[in-house]
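First comes the structure, then the notes that go with it.
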Amino acid sequence: MMHGFQGKYFTRVAQLLMVLGLCACSQQEIKDSGPSRPLDFSGSPDAIPKQENRTRAGNKSPYVIFGKTYRVLSDSRGFRQQGEASWYGKKFHGRNTSNGEVYDMYAMTAAHKTLPIPSYVRVTNHSNGRSVVVRVNDRGPFHGNRIIDLSYAAASKLGFAERGTAPVSVEAIDTGNPPLRHAGVVHPGTAEPTQEIVRAPSPSSGNRNAHLGKQSYLQVAAFSQRQSAEQLLARLRSSISEPMRLNQAKGLFRVHIGPLTKVNDIAAVRKTLQALSLGSGFVVNE
Numbered sequence: 001m002m003h004g005f006q007g008k009y010f011t012r013v014a015q016l017l018m019v020l021g022l023c024a025c026s027q028q029e030i031k032d033s034g035p036s037r038p039l040d041f042s043g044s045p046d047a048i049p050k051q052e053n054r055t056r057a058g059n060k061s062p063y064v065i066f067g068k069t070y071r072v073l074s075d076s077r078g079f080r081q082q083g084e085a086s087w088y089g090k091k092f093h094g095r096n097t098s099n100g101e102v103y104d105m106y107a108m109t110a111a112h113k114t115l116p117i118p119s120y121v122r123v124t125n126h127s128n129g130r131s132v133v134v135r136v137n138d139r140g141p142f143h144g145n146r147i148i149d150l151s152y153a154a155a156s157k158l159g160f161a162e163r164g165t166a167p168v169s170v171e172a173i174d175t176g177n178p179p180l181r182h183a184g185v186v187h188p189g190t191a192e193p194t195q196e197i198v199r200a201p202s203p204s205s206g207n208r209n210a211h212l213g214k215q216s217y218l219q220v221a222a223f224s225q226r227q228s229a230e231q232l233l234a235r236l237r238s239s240i241s242e243p244m245r246l247n248q249a250k251g252l253f254r255v256h257i258g259p260l261t262k263v264n265d266i267a268a269v270r271k272t273l274q275a276l277s278l279g280s281g282f283v284v285n286e
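Here it is as structure tokens:
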């Protein structure tokens with residue numbers, strides 16, 4: 001009888017240990033992590049706010065997650081929020097964000113539940129006073145009372161990557177965007193009267209080496225301050241070998257890449273811009 005009892009006892013203990021082991025594995029699977037070696041992001045540049053069309057993907061409203069309904073704001077201007085921030089890293093690195101971009105844990109980006117995508121916000125860590133500017137291109141976090149999920153780089157720059165969370169304030173940056181609308185071709189009225197804004201032909205729709213036939217530039221952004229435009233130019237020149245220029249007109253400083261003569265030149269530059277979380281720009285023909 002005793003041996004039978006002992007056998008059942010040890011069997012139950014073994015089963016319990018197995019269950020606990022599985023739970024531990026599950027906890028490890030859902031736990032996120034940063035780079036495999038320590039990196040210093042204190043000198044990493046913030047995201048550079050600029051006007052962008054709202055993307056069609058990622059702005060569905062209302063939407064439901066875990067039985068809760070969320071409504072995307074039509075306008076981010078004046079938005080302020082305080083609460084807890086978290087971050088996401090290697091587990092999602094390389095995966096698509098809500099608007100179809102590729103998540104880069106080394107870029108200054110963030111996920112938010114209701115801000116239009118894309119939006120730019122300043123996040124301030126109340127624990128140490130540090131702040132960063134990030135570009136919102138994803139949805140979340142849908143966990144507890146957290147209000148924003150930052151990239152690993154942004155969390156590291158704010159000083160809470162190791163801790164995991166921090167009390168923060170989130171303040172939207174006004175880029176002059178109109179209320180939420182679907183993305184499309186930028187209206188010609190927003191550019192110079194002597195310029196024509198067009199959608200670049202898709203490389204897959206014809207000869208990738210086809211010449212565009214006109215003096216074509218890819219406009220990345222427009223700023224009211226020259227210094228902001230020059231900062232972006234400096235950042236671009238470290239990653240893109242194509243010629244660039246600063247086009248000043250009507251009180252705006254436009255960052256242009258080009259002239260670009262072939263369809264695949266534009267496709268290659270756009271791919272780099274997207275990797276830098278700078279959108280895809282639009283073509284300006286002169």
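Going by UniProt numbering, the residue at position 251 of the sequence shown is 251; the numbering climbs one at a time, nothing skipped. Where a beta carbon is used, it is the ideal one built from N, C-alpha and C, also for glycine.
Taking 9 Å as the cut-off, the Cβ atoms of Pro141 and Asn59 do not count as close. Here Thr165 carries a coil assignment [DSSP, helix/strand/coil]. Rounded to whole angstroms, the separation of the alpha carbons of Arg135 and Phe223 is 16 Å. The closest CA to that of Val132, considering only Val170, Ala267, His143, is found on Val170.
Counting only residues of its own chain and dropping the five nearest sequence neighbours on each side, Gly279 has a CB closer than 7 Å to the CB of Glu52, Leu273. Taking the CA atoms as reference points, Gln248 sits about 15 Å from Gly258. Unbroken beta strand (DSSP E) runs of no fewer than 3 residues, entirely contained in the UniProt domain "SPOR" (210-286), are found at 211-223, 244-249, 252-262, 282-285, following chain order. Runs of the beta strand (DSSP E) lying entirely within the segment 77-103, each at least 3 residues long, are 80-88 in chain order. Contact between the segment 151-163 and the segment 84-94 is established, with three or more Cβ pairs separated by less than 8 Å.
Taking 9 Å as the cut-off, the Cβ atoms of Ala229 and Phe253 count as close.
Ranked by Cα distance from Val283, the options Gly129, Thr55, Leu218 are led by Leu218.
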